[in-house]
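Anchor point for the sequence shown: position 377 equals 490 in our numbering, and the numbering is continuous, going up by one each time.
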Amino acid sequence: MHTDTIAAIATALSESGIGIIRVSGPEAISLVDRVFYNSAGGRKLSSKSSHTVSHGYIVDGEEGQEWKEGILDEVLVVLMKAPHSYTGEDTVEINCHGGVLLLQKVLQLILRTGARLAEPGEFTKRAFLNGRMDLSQAEAVMDVIHSQSEMALSSSMEQLTGKLAQVVRDLREHILYEMAFIESALDDPEHISLEGYEERLSLKCATFLKRIEDLLASAQNGRLLREGIRTVILGRPNAGKSSLLNAILGEERAIVTQVPGTTRDILQETISLGGITLHMVDTAGIRYTEDVVERIGVDKAREYAEKADLILFVIDGSELPDDRERDIISFIGQKNMIVVINKTDLTTIVSEDQIHAFFPERADVPIVRISANSGVGLDLLGEEIEKLFFDGELKGNREIVITNMRHKEALEEARKSLLMVRQGLEARMPEDFYSIDLMGAYTALGSIVGEEVGEDLVQEIFSKFCMGK
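Structure below.
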């Protein structure tokens with residue numbers, strides 16, 4: 114249990130309607146009582162029940178001075194007594210008006226009264242150390258804050274509620290049972306027999322591995338949820354690439370003209386389409402050109418395409434594909450791709466069958482028909498992206514998605530240890546070898562929820578948090 118009291122501004126340091134200063138620790142209530150004048154007859158916070166709100170004033174005044182002369186702000190103070198608070202300690206949150214200078218003055222007053230400025234992530238670190246949440250939930254707090262899409266937020270909230278921890282603890286409990294059984298049988302062979310145990314452990318191991326491999330399989334989706342999908346728009350000049358970007362953005366971000374080669378440089382935007390974050394890159398039209406600047410833009414388009422998670426290949430629906438499209442498909446290769454037939458508001462002569470016949474090596478490629486001018490078909494494009502990356506199941510999927518690289522590494526380590534158990538079973542090795550490898554899996558899984566981690570790792574994780582969290 115911590116013996117000092119910490120304080121920090123818990124909201125963004127910018128002008129706003131409200132700003133919150135959080136104070137947590139054994140002296141949180143008494144410290145705030147020294148600077149808070151309760152409008153309800155001056156009653157102290159210490160005499161109030163937990164989870165109550167008090168109206169009053171923050172006062173910075175000298176002894177003997179009339180309290181009204183030292184008013185800094187009119188505030189609402191929220192009182193949360195231990196252990197029923199975010200940190201598990203006595204916590205007071207002062208809701209001030211959201212001026213930057215005002216918040217800093219109130220915080221400095223609290224610090225002068227006896228609190229210490231909180232380190233980055235220290236409130237959440239105390240919540241973890243006080244048993245209010247496990248390490249996976251603590252890390253999910255930052256994922257919630259940094260979520261850039263509806264799906265990323267939903268996934269982070271699943272982990273914040275402890276769903277991942279529940280699965281991990283269930284796995285550890287079953288692994289621990291097998292370890293205890295082996296040790297008991299080795300210590301007391303007269304009463305506990307290991308006859309036929311190898312077959313039973315083999316089945317158990319298969320179950321453990323399947324659950325871990327399912328979690329690992331979600332890690333790619335987790336990366337895309339967390340970081341977004343790197344999406345490059347390719348196509349010949351005037352196919353409607355920039356119009357597509359503008360349509361998705363809902364604003365005229367890219368210059369659109371009938372002159373081929375208008376887009377010469379790379380234009381990048383981060384957008385949300387159907388709840389999925391896309392890091393969109395609009396590129397120069399792919400063609401041979403003598404224009405030096407445009408040629409540089411074409412070269413850049415090829416470079417970005419090589420690093421992309423997704424290619425949106427835009428084709429003008431009013432013109433049949435030709436060798437220019439073949440040149441583009443040649444360097445796209447087997448990357449994730451969606452063919453976008455644009456200009457459906459005009460007379461369209463390109464069919465899906467023609468596209469498949471034109472690109473026989475990519476006969477399975479999804480095709481979406483849109484009008485970038487009217488926005489028709491953009492919802493279908495979002496659905497195809499979801500199908501391509503998330504099997505069309507992510508919006509309604511309540512399964513856990515691994516979004517944290519540390520969790521992925523721990524799961525890989527646990528999987529490696531369980532594979533060692535399986536190899537030992539196949540080689541008919543002594544039972545104590547199984548116990549050693551089971552312990553490896555047990556320890557690796559424990560690191561996810563913080564039961565097998567050192568102080569240095571805990572410190573590293575919470576140092577990445579913002580100051581007031």
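Note that beta-carbon positions come from the ideal geometry of N, C-alpha and C, so glycine has one too. Keep in mind the model is a prediction, meaning the values are calculated, not measured.
- Between M270 and N151, the alpha-carbon positions lie close to 36 Å from each other.
- Secondary structure in the segment 491 to 556: the alpha helix (DSSP H) runs of 4 residues or longer, each lying completely within the stretch, are 491 to 503 and 518 to 539 in chain order.
- With a 10 Å radius around the Cβ and a threshold of 16 neighbouring Cβ atoms, T204 comes out buried.
- For K181, the number of other beta carbons within 10 angstroms of its own is below 16, and it is reported as exposed.
- With 16 or more other Cβ atoms from the protein chains shown falling within 10 Å of its own Cβ, S355 counts as buried.
- Under the Cβ criterion (8 Å, minimum of three pairs), the segment 513 to 527 counts as touching the segment 327 to 336.
- The beta carbon of I133 lies closer than 6 Å to those of A123, T124, E206 and N208 in the same chain, with the five residues before and after it left out.
- Rounded to whole angstroms, the gap between the alpha carbons of L144 and G227 is 7 Å.
- In this structure, D247 lies away from H210, with their beta-carbon atoms at least 8 Å apart.
- Rounded to the nearest whole angstrom, the CA to CA distance from A153 to S249 is 42 Å.
- About 6 Å separates the CB atoms of M292 and M552; that is less than 8 Å, so the two are in contact.
- Within the same chain, G201, E202 and D203 come within 7 Å of A195 by CB-CB distance, once the 5 residues on both sides are set aside.
- Cβ neighbours of L493 within its own chain (closer than 6 Å, five residues either side excluded): V481.
- Beta-bridge pairing by DSSP links V478 to no other residue.
- Positions of the alpha helix (DSSP H) runs, each at least 4 residues long and wholly inside the segment 199 to 277, are given as 213 to 226, 235 to 242, 248 to 259 and 263 to 273 in order along the chain.
- Taking the C-beta atoms as reference points, V394 is found no nearer than 8 Å to I428.
- Contact check for L338 against I346 fails: the beta carbons are separated by 8 Å or more.
- One alpha carbon belongs to S530, the other to D550, and they sit about 5 Å apart.
- Judged by beta-carbon spacing, N455 lies beyond the 8 Å limit of G488, meaning their Cβ atoms are not closer than that value.
- Short of 7 Å from the beta carbon of A332, and not among the five residues preceding or following it, lie these beta carbons of its own chain, in chain order: I515 and K521.
- Residue pairing by DSSP places N151 opposite G169 in a beta bridge.
- A278 counts as buried, since no fewer than 16 other beta carbons sit within 10 angstroms of its beta carbon.
- The residue from V172, H197, L158 and T237 with its alpha-carbon nearest to that of A121 is T237.
- Taking every protein chain shown into account, the CB of S297 has fewer than 16 other CB atoms within 10 angstroms, so this residue is exposed.
- Looking at E340, G275 and K413, the one whose alpha-carbon comes closest to that of G244 is G275.
- A straight-line Cα-Cα distance of about 31 Å links N334 and N486.
- Distance from the CA atom of L322 to the CA atom of E312, rounded to whole angstroms, is 15 Å.
- Of the residues D173, R229 and V166, the one whose Cα lies closest to the Cα of A141 is R229.
- The C-alpha of G563 is placed about 39 Å away from the C-alpha of Y417.
- Unbroken alpha helix (DSSP H) stretches of 4 residues or longer found wholly inside the segment 269 to 323: 276 to 300, given in chain order.
- Assigned with DSSP and collapsed to three states, Q381 falls in strand.
- Under DSSP, the beta-bridge partners assigned to T390 are S385.
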